[in-house]
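Below is one structure, written out as structure tokens, with a few remarks after it.
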Amino acid sequence: MLRALRSSSTTILPEPPQPQAFLSTIHPHIDPSQTKCTTPKPFPYTTTLPTLLQPISDQNPPPHLSYAPLFQFLTGQNFLKLGQQIHAHMTLHGLQPNAFLGAKMVAMYASSGDLESAVTVFRKIKDPTSLLYNSIVRAYTNNGYPLKTIDIYREMHSLRLKGDNFTFPFVLKSCANVLDVWMGECVHGQSLRFGLELDAYVGTSLIDFYVKVGELRDANKVFDLMTVRAVSSWNALIAGYMKEGEIRVAEDLFRGMPCRNIVSWTSMISGYTQNGLAEEALSLFDEMLKEDSEVKPNWVTIMSVLPACAHSASFERGRRINEYVNRIGLESNPSVQTALIAMYAKCGSLVNARCCFDRILENEKNLCAWNTMITAYASHGQGLESVSTFENMVRAGVYPDAITFTGLLSGCSHSGLVEFGLRYFNSMQTKYSVEPRHEHYACVVDLLARAGRLVEAKEFIKKIPMQPGPSIWGALLAACRKSRNLEIAEIAAKELFVLEPENSCNYILLSNMYAEAGMWKEVDKLRARLKCEGIKKNPGCSWIEIKGKAHLFLSGDLSHPQSKEIYNLLEALPEKIKAAGYIPNTSFVLHDISEEEKEQNLIIHSEKLAIAFGLLNTNPEVVIRITKNLRICGDCHTVIKFISKIYEREIVVRDVNRFHHFRDGACSCGDYCMAITTKDVKLQENEDKIDFHFPLQKLLSYATPPTEVKRFPLLGDAVGRTYERASKTYHMSNPRF
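Note that numbering that gives the first Met the number 0 has the sequence shown beginning at 0, numbered continuously upward.
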């Protein structure tokens, strides 16, 4: 627009438009009778637009100052076209803005999203002032250009223009965003020189800056020196202590606040959630819901508390929060629905997660929403659904990022879709311009290793263009146990012992492999090493939520009030499931004891105790949801399948890796994650069904019918052929969860 106004000195300027013509520009968008602000403010906010336009039509040429109220009125209103027309009117009258008017014009353009025009206006002002520089500093900061903000401030300082309480907050925010500690400290020094250290805005910005760069002690010093502390100052310091894990200090500050706003409550809830204190976060949220609470949760608070439900697998609490969301009219908020998708998925209810995803309008489904749904399917082992969602996302015009491919590759890995996963990995850079990261290489190693292609996975690690980290070697080690490959396991474990020497899981995993192989001397050596180095093993535990209360169980736990009833049920269980075909897999008892003792040891695993408690305390139609802090053992996996069939119950188990949905004697993983090797196909005829430990079963268990598979342009033919070939060979049930 500005370039179009340039003309030679011989050009005849057209007649300037009349002010009344400007009103037609905004009549479709704004009612002149509604232009007054709801709160009384000084001129020109309480003046209607026609009144503001009047001075530029009464005088010829109009005075500079008559344009300033117009540009100020349009700032933040998003009427860029009208602002451009008024700018053109001024230019056609031969008027050039001074520093005061230029500041108003810069603010108008920047708030309307036209930063280029704002900068152009700024650079044309011959005698800039602090007010003008403040406007461009704010423009760059609000539009996400922190480095430009810092450069402009340096320029302002070189011109010996004095910063004020409108300058320093934006510069400090930019310094915090790029972690420029030195520059932030310089700005702090300038604020001291100009006597602004006690200003509420500057002080709060200093606290926020020091918190974000990790200098909590300096933030506390600024807070202590402030004579007048705004609520935002308290909030900034609380957020800082929560970030550093200083929970008790943050709680003391929160309790000591003279008054609290929604940000105060949300900061505490968010801090609790980020520090793994789910119960504290949920309790504080419940306090906000009380009738006598002056502050009620908003959409940001809800997004902060939902991860606490996911962390503790508190499905009932999450469902009640969802009901509250619907009551206060936030069911159409895409951000809230995305948070609900993640919560339901992590609580084991993929059906509810999908319902929340479908509630988001198609044109409002952003990358975050798609990524959350893809990752949800992946964590539940539904790789084909992850693929379908990914294809739909691309078809909707939303392009993937690194997070998308992490979820997609993970879904392929959990489902045994090796060739599909490799194809997507190879297309990351070539088709989608996404640079593979460490986590993507770890997914590919997991993809190959889970499928029994350990040598190929090991060779792939050698070709990774970065130093392989714990997640890469850990994926290889975990898969070695499935394939019982001690040679490669020892290579992976050796690397892990160097990369993360204090992680007991690596020692225990290798020790378990030695135990399975009967190499008890090697087992003793590893256990002695753990003891010598003071490395402690995290005990396995499982928990279940019933009526809003979590019940936790350890292996062989006798502390629960209903222990007698639980063990009575478990004592009768082996006879029932053995009659249905169960054979105890004592290889999962990694102690040098008799077979009878091993069978007794298996029955008291924590997940079995939790399920027994669930059977005793829930109605038949209620889904039993269990969370385990470690990977579910193979024998427990088999037993739960039998329990789901005998008791006709649906059971969802969330372990450290993924979700398992058990129903009618089958698991959603198709036993793929429990298979010893992809080549070890076990066929056990049982009437007209075949149970086999083979990745193809996973492909079929939740496979989309061939007519729908054709929707996947990259994968359709391959999936369709695989499905058709497998269907000719095997007949099996296809439960959907």
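Glycine residues also receive a C-beta, built at the ideal position from the N, C-alpha and C atoms.
| Item | Value |
| --- | --- |
| Which ranges does the alpha helix (DSSP H) cover as unbroken runs of at least 4 residues, wholly within the segment 94 to 123, from first to last along the chain? | 98 to 110, 114 to 123 |
| Cβ of Tyr66 within 8 Å of Cβ of Leu91? | no |
| With 16 other CB atoms within 10 Å as the buried threshold, where does Thr226 fall? | exposed |
| Near Gly396, which residues of its chain fall below 8 Å by C-beta distance, leaving aside the five closest residues on each side in sequence? | none |
| From what residue to what residue does the beta strand (DSSP E) around Glu544 run? | 540 to 545 |
| Counting along the chain, where does the beta strand (DSSP E) carrying Thr626 start and finish? | 623 to 627 |
| Name the residue from Gln428, Thr272, Tyr209 whose alpha carbon lies nearest to the alpha carbon of Trp181. | Tyr209 |
| Sort out for me which residues DSSP pairs Ala665 with in a bridge. | Arg662 |
| Out of His88, Val638, Val655, Phe661, state which residue places its alpha-carbon closest to the alpha-carbon of Glu649. | Phe661 |
| Please return the same chain residues whose Cβ sits closer than 6 Å to the Cβ of Val304, not counting the five positions on each side in sequence. | Ile268, Ala280, Phe284 |
| Is it right to say Thr429 is buried, meaning 16 or more other beta carbons lie within 10 angstroms of its own, or is it exposed? | exposed |
| What span of residues does the alpha helix (DSSP H) with Ile85 cover, start to end? | 79 to 91 |
| Pick out whichever of Ser232, Asp150, Leu94 has its Cα sitting closest to the Cα of Lys123. | Leu94 |
| In angstroms, rounded to a whole number, what distance separates the CA positions of Cys174 and Lys546? | 48 Å |
| Looking only at its chain, what residues have a beta carbon closer than 8 Å to the beta carbon of Glu361, apart from the 5 residues adjacent to it on each side? | Ala395 |
| Using a threshold of 8 Å, state whether the C-beta atoms of Val299 and Thr265 are closer than that. | yes |
| Straight-line CA distance for Ala375 to Cys668? | 14 Å |
| Quick one: what's got a C-beta closer than 6 Å to Ala238's C-beta in the same chain, skipping five residues either side? | Ser266 |
| Starting from Lys548, trace the beta strand (DSSP E) both ways and give me its first and last residue. | 548 to 553 |
| Thinking C-beta only, is Gly347 closer than 8 Å to Arg653? | yes |
| Got a sec? Which residues, its chain only, sit under 8 Å from Ser129 by beta carbon, not counting five neighbours each side? | Met155, Leu160, Lys161, Gly162, Asp163, Thr166 |
| So the beta strand (DSSP E) Arg653 belongs to, where does it begin and stop? | 650 to 653 |
| Please report the straight-line C-alpha distance between His187 and Leu205, rounded to a whole angstrom. | 7 Å |
| Identify whether Gln428 lies in helix, strand or coil by the three-state DSSP scheme. | helix |
| Starting from Leu383, trace the alpha helix (DSSP H) in both directions and tell me its first and last residue. | 382 to 394 |
| DSSP on Gln336, reduced to helix/strand/coil? | helix |
| Val335 and Met287: beta carbons closer than 8 Å? | no |
| What does the alpha-carbon distance come out to for the pair Ala549 and Ile543? | 6 Å |
| Can you give the Cα-Cα distance for Ser134 and Ala477, rounded to whole angstroms? | 57 Å |
| Can you tell me which of the three DSSP states Leu360 falls into? | coil |
| If you compare alpha carbons, which of Pro257, Gly112, Phe193, Val655 is closest to Leu629? | Val655 |
| Is it right to say Gly112 is buried, meaning 16 or more other beta carbons lie within 10 angstroms of its own, or is it exposed? | exposed |
| So, with DSSP's three-state summary, where would you put Met182? | helix |
| Indicate whether the contact test is met: 3 or more Cβ pairs, each with one atom in the segment 426 to 443 and one in the segment 401 to 408, closer than 8 Å. | yes |
| Taking the alpha helix (DSSP H) that Ala450 falls in, what are its first and last residues? | Premise fails: Ala450 is in no alpha helix (DSSP H) and is neither H nor E. |
| Who are the Cβ neighbours of Ile471 in its own chain at under 8 Å, not counting the five residues just before and after it? | His437, Tyr440, Ala441, Val444, Ile460, Ile463 |
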